[in-house]
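For the sequence shown, our numbering assigns the number 439 to the initial residue and increments by one for each residue that follows. Glycine included, C-beta positions come from ideal geometry on N, C-alpha and C.
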Amino acid sequence: MSRKVRVRFAPSPTGGLHLGGVRTVLYNYLFARHHGGDFVLRIEDTDQNRYVPGAEEYIYNCLQWCGLEPDESPLKGGPHAPYRQSERKAQYAQYAKQLVDAGHAYYAFDTPEELEDMRSRMKTEANPTPQYDYKMRSHMRNSITLPQAEVEQLIQAGTPYVVRIKMPVGETIKFTDLVRGEVSFDTSLVDDKVLLKADGMPTYHLAVVVDDYLMGITHAFRGEEWLPSAPVHLLLWKYLGWEKEMPEWAHLPLILKPDGHGKLSKRDGERLGFPVFAMNWADPKTGELTQGFKERGFLSEAFINILAMLGWNDGTEQEIYSLDELVKQFSIDRVHKGGAKFDYEKAKWFNHQYIQRKPTEELVPLVTPYIADKGVTVDAGYLHKVIDLVKERCTLLPDFWEQGHFFFTTPEITELQAIKDKWNEQKKTFFETWMAGLDSASWAHDALEANFNELVAAQGLKKGDVMLPLRIMLVGGKYGPHVFNIVEMIGKEETKKRIENALNAL
Ligand code: GLU
Numbered sequence: 439m440s441r442k443v444r445v446r447f448a449p450s451p452t453g454g455l456h457l458g459g460v461r462t463v464l465y466n467y468l469f470a471r472h473h474g475g476d477f478v479l480r481i482e483d484t485d486q487n488r489y490v491p492g493a494e495e496y497i498y499n500c501l502q503w504c505g506l507e508p509d510e511s512p513l514k515g516g517p518h519a520p521y522r523q524s525e526r527k528a529q530y531a532q533y534a535k536q537l538v539d540a541g542h543a544y545y546a547f548d549t550p551e552e553l554e555d556m557r558s559r560m561k562t563e564a565n566p567t568p569q570y571d572y573k574m575r576s577h578m579r580n581s582i583t584l585p586q587a588e589v590e591q592l593i594q595a596g597t598p599y600v601v602r603i604k605m606p607v608g609e610t611i612k613f614t615d616l617v618r619g620e621v622s623f624d625t626s627l628v629d630d631k632v633l634l635k636a637d638g639m640p641t642y643h644l645a646v647v648v649d650d651y652l653m654g655i656t657h658a659f660r661g662e663e664w665l666p667s668a669p670v671h672l673l674l675w676k677y678l679g680w681e682k683e684m685p686e687w688a689h690l691p692l693i694l695k696p697d698g699h700g701k702l703s704k705r706d707g708e709r710l711g712f713p714v715f716a717m718n719w720a721d722p723k724t725g726e727l728t729q730g731f732k733e734r735g736f737l738s739e740a741f742i743n744i745l746a747m748l749g750w751n752d753g754t755e756q757e758i759y760s761l762d763e764l765v766k767q768f769s770i771d772r773v774h775k776g777g778a779k780f781d782y783e784k785a786k787w788f789n790h791q792y793i794q795r796k797p798t799e800e801l802v803p804l805v806t807p808y809i810a811d812k813g814v815t816v817d818a819g820y821l822h823k824v825i826d827l828v829k830e831r832c833t834l835l836p837d838f839w840e841q842g843h844f845f846f847t848t849p850e851i852t853e854l855q856a857i858k859d860k861w862n863e864q865k866k867t868f869f870e871t872w873m874a875g876l877d878s879a880s881w882a883h884d885a886l887e888a889n890f891n892e893l894v895a896a897q898g899l900k901k902g903d904v905m906l907p908l909r910i911m912l913v914g915g916k917y918g919p920h921v922f923n924i925v926e927m928i929g930k931e932e933t934k935k936r937i938e939n940a941l942n943a944l
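Spelled out as structure tokens, the structure:
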């Protein structure tokens, strides 16, 4: 009987969550849901030097915003708790010992100075960063080179040591990656990675294998940057005797810079003016704030859809997918091998589509903070009407203010010159007359427009002559939705006030 699908997202909480990381979460999540399996969040915090306060909570917030909630996590608990590797420390040492006893790993006593000395002594032009590998190990201080009695004595005396994997020489390791097909490695080219550190904490390499095993993970999807570590992990699965339970692997392609080559970085986002992190990240050390997709004004559903399409499609032309549809359609074998270039204009296109499709009542609470932020007290009913009027012009949430601020506050008239250029007494008289008539007008946009049209005709004007001036008077510039909707919404007093202000300035 095949095992229940169990996947995991295993971030190291060290800073902002890159959109590539969220895409890894998404593909894990979709795969788990598609197969009726479990999605586990495991926090990989064994590297205490890289501890960043707040980074773990930030990951929870990002997953919550995206609606990709794990079934098991440090917060939620679950049958394999704890889910934070720093709390699982006691589990790993026995496996490191098991590996040493079987001759697949060894103790290494080299001090940081000795390692540094080795690197600078062995450095050549052809090999600028010499590795601790099968050739080097015989020149270093470890349980392979030292007599056993000395090894025991050093350990007894509490000498700091690490445990390193003993990579075999000249073997070929192969596996079938669900995205990339068959991948093979020459073990001679891989260094003897540290498995257990001097502080007793495992490194990522040991912890990821032990935890994937203990947590019953069936499929491990992670970024392509981890591919070079795969031979180490495969050997650990084999040496620990767990080969039959080893998960299937998928190394997901990178998300690439829109221009040039290589992985899209936070710096590229800064350089080109778009977010790269899911949500705002404030670096606790430097205080530097990096804007996220959420705060830039993306809807989480759009963000998910964008990420789904960055490296996957279902073979059709369809681009807009709800999360439920993605769950139905997703299959790991349709994930592309090659990296996808990130296209910010396309990302905005998705968001625009989602804003148009989202029911206005759901937009109200999302837009409210952007309006409140400008010092405006928001009436939900009024905002609902404004959203209906301007939403087709909005791509990102802050656009609702840009496109609709004049519904809330009296705008500054920035394009007065455009009225001035063609201004005359006849137009002035027209506006004065129209204003006077407003007191008895019935206050609905179609009635207001009819009344305006009548007066235009009665005064021998063309509608075009006075429509643009009216728009500029009410809005401040040459944009915005239908003018008489604006008149209806802002009301009689405000309409008159804005026209009077403009007439005084002309
Ligand atoms: N802790 C690793 C990371 O930060 C996880 C890699 C994996 O999923 O195996 O990306």
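- Item | Cβ distance (whole Å) where G454 is taken to contact W719 below 8 Å | Taking 8 Å as the upper bound for CB-CB distance, G454 and W719 are in contact here, some 3 Å apart.
- Message: For the structure I just gave you, are there three or more beta carbon pairs, one from the stretch 796-814 and one from the stretch 764-779, closer than 8 Å?
- Response: Of all C-beta pairs linking the stretch 796-814 to the stretch 764-779, fewer than three are shorter than 8 Å, placing the two stretches out of contact.
- Message: Would you say the beta carbon of G654 is closer than 8 Å to some non-hydrogen atom of the ligand COA?
- Response: Among the ligands modelled here, namely the ligand GLU, the ligand COA does not occur.
- Item | Local conformation of E609 per DSSP, three classes | E609 falls in the coil class under three-state DSSP.
- Span separating the alpha-carbon of E686 from that of D650: Distance from the CA atom of E686 to the CA atom of D650, rounded to whole angstroms, is 11 Å.
- Query: Thinking C-beta only, is M911 closer than 9 Å to N889?
  - Reply: Taking 9 Å as the cut-off, the beta carbon of N889 is found no closer than this to the beta carbon of M911.
- For E686, does the three-state DSSP call read helix, strand or coil? The answer is strand: DSSP assigns E686 an E or B state.
- Message: At the level of alpha carbons, what is the spacing between F447 and P606?
- Response: Roughly 30 Å separates the two Cα atoms.
- Message: DSSP three-state label for I793, please.
- Response: Three-state DSSP puts I793 in a helix.
- Sequence-distant residues of the same chain with beta carbon closer than 7 Å to D903, five excluded per side: Only K865 meet the Cβ criterion.
- Alpha carbon to alpha carbon, how far is L906 from L886? For L906 and L886, the distance between alpha carbons rounds to 16 Å.
- Task: Note down the Cα distance separating L464 from I693, rounded to an integer number of angstroms.
- Result: The straight-line gap from Cα to Cα measures roughly 14 Å.
- Query: So the beta strand (DSSP E) I593 belongs to, where does it begin and stop?
  - Reply: No beta strand (DSSP E) contains I593, which is instead part of the alpha helix (DSSP H) from Q586 to Q594.
- Helix, strand or coil: which one does DSSP assign to L464? Judged by DSSP in its simplified three-state form, L464 adopts helix.
- Item | Cβ distance (whole Å) where A546 is taken to contact R471 below 8 Å | Not a contact, Cβ separation roughly 44 Å.
- Query: Under a Cβ-count criterion, where at least 16 other Cβ atoms within 10 Å of its own Cβ denotes burial, should T656 be classed as buried or exposed?
  - Reply: Around the beta-carbon of T656, 16 or more other beta-carbon atoms lie within 10 Å, marking it buried.
- Classification of Y489 by the beta-carbon crowding that lies within 10 angstroms, buried from 16 upward: So Y489 counts as exposed.
- Does the ligand GLU have even one heavy atom less than 8 Å from the beta-carbon of V670? No - the ligand GLU has no heavy atom lying nearer than 8 Å to the Cβ of V670.
- State the beta-bridge partners of V647 as determined by DSSP. Looking at the DSSP output, V647 shares a beta bridge with no other residue.
- Task: Please state whether DSSP places N580 in a helix, a strand or coil.
- Result: DSSP, read as helix, strand or coil, puts N580 in strand.
- Between the Cα of E525 and those of N891, P640 and N499, spot the shortest distance and give me the residue it belongs to. Of the residues N891, P640 and N499, the one whose Cα lies closest to the Cα of E525 is P640.
- Item | Where A746 falls, given that 16 or more other Cβ within 10 Å makes a residue buried | By the neighbour-count rule (16 or more Cβ atoms within 10 Å), A746 is buried.
- Message: Can you look up F869 in the DSSP assignment and give me helix, strand or coil?
- Response: Reduced to three states, the DSSP call for F869 is helix.
- Query: Does at least one heavy atom of the ligand GLU sit under 8 Å from the Cβ of E588?
  - Reply: False, no ligand heavy atom lies under 8 Å from that Cβ.
- Query: Which residues mark the beginning and the end of the alpha helix (DSSP H) in which F838 is found?
  - Reply: Counting along the chain, the alpha helix (DSSP H) containing F838 begins and ends at D837 to G842.
- Query: Three or more C-beta pairs closer than 8 Å, one from the stretch 498-516 and one from the stretch 665-675: is that the case here?
  - Reply: A contact is defined here as three or more CB-CB pairs under 8 Å, and the stretch 498-516 fails this definition with respect to the stretch 665-675.
- Query: Does DSSP put P696 in a helix, a strand or coil?
  - Reply: Secondary structure of P696 (DSSP, three-state): coil.
- Message: Is any non-hydrogen atom of the ligand GLU found closer than 8 Å to the C-beta of V646, if you look at the structure I gave you?
- Response: For the ligand GLU, at least one heavy atom lies less than 8 Å from the Cβ of V646.
- Query: Which of the three DSSP states, helix, strand or coil, is assigned to S511?
  - Reply: Of the three classes helix, strand and coil, the one that applies to S511 here is strand, per DSSP.
- Message: Please tell me whether I611 and P669 are closer than 9 Å, where the distance is taken between their beta carbons.
- Response: Contact: yes.
- Task: Using only alpha-carbon positions, find the residue among V443, W872, K900 and M653 that is nearest to P520.
- Result: Nearest option by C-alpha distance: M653.
- Query: CB V913 to CB P849, shorter than 9 Å?
  - Reply: Taking 9 Å as the cut-off, the beta carbon of V913 is found closer than this to the beta carbon of P849.
- Query: Who are K779's beta bridge partners in DSSP?
  - Reply: Answer is L694.
- Counting Cβ pairs closer than 8 Å, one from the stretch 863-880 and one from the stretch 833-844, do we hit at least three? Output reads no: the stretch 833-844 does not touch the stretch 863-880.
- Query: For A493, does the three-state DSSP call read helix, strand or coil?
  - Reply: Residue state for A493 is assigned as helix, using DSSP reduced to three classes.
- Query: With distances taken between CB atoms, is the gap from L944 to W861 smaller than 9 Å?
  - Reply: Between L944 and W861, the C-beta spacing is below 9 Å.
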